[in-house]
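*Asks:* So the mapping is simple: the working numbering equals the position in the sequence shown, first residue as 1, plus 1.
Note that beta-carbon positions come from the ideal geometry of N, C-alpha and C, so glycine has one too.
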Amino acid sequence: MILKGEKKSFKEDDKDNYYHMERRYGSFYRSIPMDADIDENKCDANYNDGLLTIKVKKKEGKKSKSKKINIQ
Numbered sequence: 002m003i004l005k006g007e008k009k010s011f012k013e014d015d016k017d018n019y020y021h022m023e024r025r026y027g028s029f030y031r032s033i034p035m036d037a038d039i040d041e042n043k044c045d046a047n048y049n050d051g052l053l054t055i056k057v058k059k060k061e062g063k064k065s066k067s068k069k070i071n072i073q
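The structure is reproduced here in structure tokens:
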């Protein structure tokens, strides 16, 4: 999964004896390794109050192998 984004900020102060304007910007790029069994059609992302939430679902049909081990 690859996340790309850009931050932009603009600040302007106009007081009696001075004027100040500031602009900031920058881009970011993140790569997150994911399991190959991801269903691309059932992915969802939500951005709210500065928090990015990403929900990813695995494909149906492939069950993870598990083995029961007795502990003595």
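1) Is the region 2-9 touching the region 25-34, taking contact as three or more C-beta pairs under 8 angstroms?
2) Under the three-state reduction of DSSP, which class applies to Lys-12: helix, strand or coil?
3) What is the C-beta distance between Lys-66 and Asp-38, in whole angstroms, given that I count them as a contact (C-beta under 8 angstroms)?
4) Could you give the first and the last residue of the continuous beta strand (DSSP E) run that contains Ser-67?
5) Could you check which residue in Asp-36, Met-35, Asp-50, Val-57 has the C-alpha nearest to that of Asn-42?
6) What is the residue span of the beta strand (DSSP E) that Ile-55 lies within?
7) For Lys-43, decide whether its Cβ has a neighbour in chain D, counting only Cβ atoms nearer than 9 angstroms.
*Replies:* On the basis of the data shown:
1) yes
2) strand
3) At roughly 13 angstroms, the Cβ-Cβ gap does not stay under 8 angstroms, so Lys-66 and Asp-38 are not in contact.
4) That residue, Ser-67, is in no beta strand (DSSP E); it is neither H nor E in DSSP.
5) Val-57
6) 52-56
7) The structure shown contains no chain D; it is built from a single protein chain.
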